[in-house]
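Here's the structure, in structure tokens; my notes come after.
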Amino acid sequence: MGSLTSSSEKAEGGGSRRAGWKEFTSPGRGPWRDVPAEEWEDWRWQLRHRITSLEQLERLLPTLTPEERAGTLLANRKLALGITPYFFNLIDPSDEYCPIRRQVIPRIEETRTAPWEMSDPCGEEAHMPVPGLVHRYPDRVLFLVTDRCASYCRYCTRSRMVSNASGYDFHPQFDRQIDYIRRHPEVRDVLLSGGDPLLLSDEKLGELLSALRSIPHVELLRIGTRIPIFLPQRITPGLCEILRRHHPLFISVHTNHPRELTLEARAALERLADAGIPLGNQSVLLRHVNDDPEVMLALVQKLLMCRVRPYYLYQCDLIAGSAHLRTSVRRGLEIMQRLRGFTTGYAVPTYVIDAPGGGGKVPITPEYVVEHTDDRIVLRNYLGEWYEYPEVPDSPVPAVHRATCCAPGTV
Ligand SMILES: *Cc1c(COP(=O)(O)O)cnc(C)c1O
Ligand code: SF4
-14 MGSLTSSSEK AEGGGSRRAG WKEFTSPGRG PWRDVPAEEW EDWRWQLRHR
36 ITSLEQLERL LPTLTPEERA GTLLANRKLA LGITPYFFNL IDPSDEYCPI
86 RRQVIPRIEE TRTAPWEMSD PCGEEAHMPV PGLVHRYPDR VLFLVTDRCA
136 SYCRYCTRSR MVSNASGYDF HPQFDRQIDY IRRHPEVRDV LLSGGDPLLL
186 SDEKLGELLS ALRSIPHVEL LRIGTRIPIF LPQRITPGLC EILRRHHPLF
236 ISVHTNHPRE LTLEARAALE RLADAGIPLG NQSVLLRHVN DDPEVMLALV
286 QKLLMCRVRP YYLYQCDLIA GSAHLRTSVR RGLEIMQRLR GFTTGYAVPT
336 YVIDAPGGGG KVPITPEYVV EHTDDRIVLR NYLGEWYEYP EVPDSPVPAV
386 HRATCCAPGT V
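Numbering (the working numbering), first residue to last: -14 to 396.
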């Protein structure tokens, strides 16, 4: 909505930075400009050349701050430093608060733990009937396939295991997880996550998906991945060919800022969409990254342009050392309020808090019900105007009617 943009641009004193958010550009080769194109575009080359040490980081980013330097020195005891060259080039070296930089470069604040912070904030360990399989909800499971990611997000809710910096030693064999699913006919939806499932080789991923597809009660396969954002080169035609053999298969990507949606990322997402895969996005609400209605509006609109439907917006979990990246729930609600009604309904994610300790995802919505009595409901629309809808008294459905009206073939 025009008035939203202009008022906040005025408040911030100009829109030159935000004007570029919705453009699709490429971060380019940067310091790797002499690398041949076929190597740069090879996902294995990108992985081999990740930035993983302070020495590399200092050389490539001369503006590294003392807080970042100290954080990097300690990172390998908690969550490893890892950034693909492709993603590194999205960092603005002149901006300490660059939203890309804050997501992947460690800071000293990570080593400070508040009393309410946890190493397993979503209580996953307590819901694992076999190692690497979280069965919390009645009809679906979370299947952890690896502890590796293409780059590491400093706020990762699974920092306890991801990157293995703190010695979790996750080596799933898959057999026990698959066997559990086979013995539990109520499991109709399997969500592969980790770590990043798309880091498995084509062959290994294909075998895993086939094994799951051979279980008759598994209706839906899902993959949670940040690969299209961190390593779009991995989304090869060969990978898409494997994925499309296992439909219905959905993919959720993880994007937090519109600048992550580059020409390369859009092309990767389009390859997945063209393989018939419905795409969703999960964002984490992060301070100085996307805790601003204008950033979020640009992000969700740009996602739709990449054929990705915003799915969840997560309140940042209480992972140890994340206080500097967390934002208030009040701010999250304000952002949600600025999306609903002001832009395409498909662009509006569900804002959730993963209840600390293991309660699962709980949706948080701005209040649109002003009053609800036996005879009316008073509603507030997105502009803050009130409307009334008469309430209908509930009466039991007559048994004879219920029996026929819901039977297949009668409507
Ligand atoms: C998020 C999550 C799921 C999937 O939840 P949906 O709301 O169906 O996307 C399943 N299991 C666990 C443990 C989860 O955290
Ligand atoms: S990609 Fe996902 S699993 Fe990997 S570090 Fe980031 S948030 Fe954690």
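Even for Gly, the Cβ is constructed at its ideal location relative to N, Cα and C.
This structure is a prediction, so every number in the text was calculated from the model and none was measured.
Express the C-alpha separation of ARG92 and GLY(-1) in angstroms, rounding to a whole number. Confidence at GLY(-1) is low in this model, with a pLDDT of 38, below 50, so its placement is unreliable and the value that follows should be read with caution. GLY(-1) and ARG92 have their C-alpha atoms roughly 29 angstroms apart.
Just checking my contact of GLN162 with GLY209 at CB under 8 angstroms: how many whole Å lie between their CB atoms? GLN162 to GLY209, Cβ: 15 angstroms. No contact.
What do you reckon, are the CB atoms on PRO213 and LEU248 nearer than 8 angstroms? 8 angstroms or more divides the Cβ of PRO213 from the Cβ of LEU248.
Is GLY306 closer than 8 angstroms to THR69 when the C-beta atoms are compared? No, the Cβ-Cβ distance between THR69 and GLY306 is not below 8 angstroms.
Buried or exposed by the 16-neighbour rule on C-beta atoms within 10 Å, applied to MET290: The C-beta of MET290 has fewer than 16 other C-beta atoms within 10 Å across all chains shown, which makes the residue exposed.
Considering LYS189, what are the terminal residues of the beta strand (DSSP E) in which it resides? In the DSSP assignment, LYS189 falls outside any beta strand (DSSP E) and lies within the alpha helix (DSSP H) extending over 187 to 198.
If you run the structure through DSSP and keep just helix, strand and coil, what is ASP160? Here ASP160 sits in helix by DSSP.
PHE397: which of VAL172, TYR137, LEU282, TYR297 sits nearest, CA to CA? Any question about residue 397 goes unanswered here, given that the chain covers just -14 to 396.
Can you give the Cα-Cα distance for PHE327 and TYR367, rounded to whole angstroms? Computed Cα separation, rounded: 8 angstroms.
VAL203: CB within 7 angstroms of a non-hydrogen atom of ligand 1: Every heavy atom of ligand 1 is 7 angstroms or more from the Cβ of VAL203, so no.
What does a CB cutoff of less than 7 angstroms around GLY180 pick up in its chain, not counting 5 residues either side in sequence? Cβ within range, chain order: LEU129, VAL130, THR131, ASP132, ARG133, CYS134, VAL147.
What is the DSSP secondary structure of ASN74, reduced to helix, strand or coil? In this structure, ASN74 counts as coil in the three-state DSSP scheme.
Beta strand (DSSP E) runs wholly inside the segment 126 to 178, at least 3 long, in chain order: For the beta strand (DSSP E) assignment, the uninterrupted runs of no fewer than 3 residues enclosed by the segment 126 to 178 are, from N- to C-terminal side, 174 to 178.
I need the DSSP call for ASP259, collapsed to helix, strand or coil. Taken through DSSP and simplified to helix, strand or coil, ASP259 comes out as helix.
Among THR48, ASP105, ARG62, which one has its Cα closest to the Cα of ARG86? Residue THR48 is the option with its Cα nearest to ARG86.
Taking 7 angstroms as the limit between beta carbons, can you name the residues of its chain near ALA(-4), skipping five residues before and five after? Residue confidence for ALA(-4) is low, a pLDDT of 38 falling below 50, so the modelled location carries little weight; the figure read from the coordinates is stated next. Its chain contains no residue whose beta carbon lies nearer than 7 angstroms to that of ALA(-4) once the 5 sequence neighbours on both sides are disregarded.
To which residues does DSSP link SER380 through a beta bridge? Beta bridge pairing from DSSP links SER380 with no other residue.
Anyone know if the C-beta pair for GLU398 and PRO123 falls short of 8 angstroms? With the chain covering only -14 through 396, there is no way to say anything about residue 398.
Roughly how many whole angstroms lie between the Cα atoms of ARG168 and LEU190? Distance between the alpha carbons of ARG168 and LEU190 is about 22 angstroms.
Between the alpha carbons of ASN275 and PHE155, how many angstroms are there, rounded? About 31 angstroms.
Straight-line Cα distance separating ASN74 from GLU43: In a straight line, the C-alpha of GLU43 is about 14 angstroms away from that of ASN74.
For LYS7 versus GLN322, is the C-beta distance shorter than 8 angstroms? The Cβ-Cβ distance between LYS7 and GLN322 does not fall below 8 angstroms.
Identity of the residues DSSP links to ASP339 by a beta bridge: Partner residues in the beta bridge of ASP339, as assigned by DSSP, are LYS346.
Using the rule of at least 16 other Cβ atoms within 10 Å of the residue's Cβ for burial, across every protein chain shown, is SER(-8) buried or exposed? No answer about SER(-8) holds up, because its pLDDT of 39 lies below 50 and its placement is not dependable.
Roughly how many angstroms separate the alpha carbons of GLN267 and VAL238, rounded to a whole number? Linking GLN267 to VAL238 through their CA atoms gives a straight-line distance of about 6 angstroms.
ALA22 - DSSP class collapsed to helix/strand/coil: ALA22 falls in the helix class under three-state DSSP.
Can you tell which of ARG251, ALA258, ILE166, GLU26 has the C-alpha that lies nearest to the C-alpha of ILE225? In the sequence as displayed, the identity of residue 225 is Cys instead of Ile. Looking at the Cα atoms, ALA258 is the closest of the given residues.
Can you round the beta-carbon distance between LEU364 and VAL355 to whole angstroms, since I take them to be within the 8 angstroms contact cut? That pair is a contact at about 7 angstroms.
TYR122: beta carbon under 7 angstroms from a heavy atom of ligand 1? At least one heavy atom of ligand 1 lies closer than 7 angstroms to the C-beta of TYR122.
Pop quiz: LEU205 and ASP164 are said to be a contact at Cβ under 8 angstroms. What is the actual Cβ separation, rounded to whole angstroms? Actually they do not touch by this definition, with Cβ atoms about 19 angstroms apart.
On the premise that LEU324 lies in contact with VAL293, defined as a C-beta separation below 8 angstroms, what is that separation, rounded to the nearest angstrom? Actually they do not touch by this definition, with Cβ atoms about 15 angstroms apart.
Alpha-carbon to alpha-carbon, ASP187 and ALA260: Rounded to whole angstroms, ALA260 to ASP187 spans 15 angstroms at the Cα level.
By the three-class DSSP mapping on this structure, what secondary structure does VAL314 have? Look at VAL314 here: in three-state DSSP terms it is helix.
Cα separation between ARG272 and GLU52? So the alpha carbons of these two residues sit roughly 17 angstroms apart.
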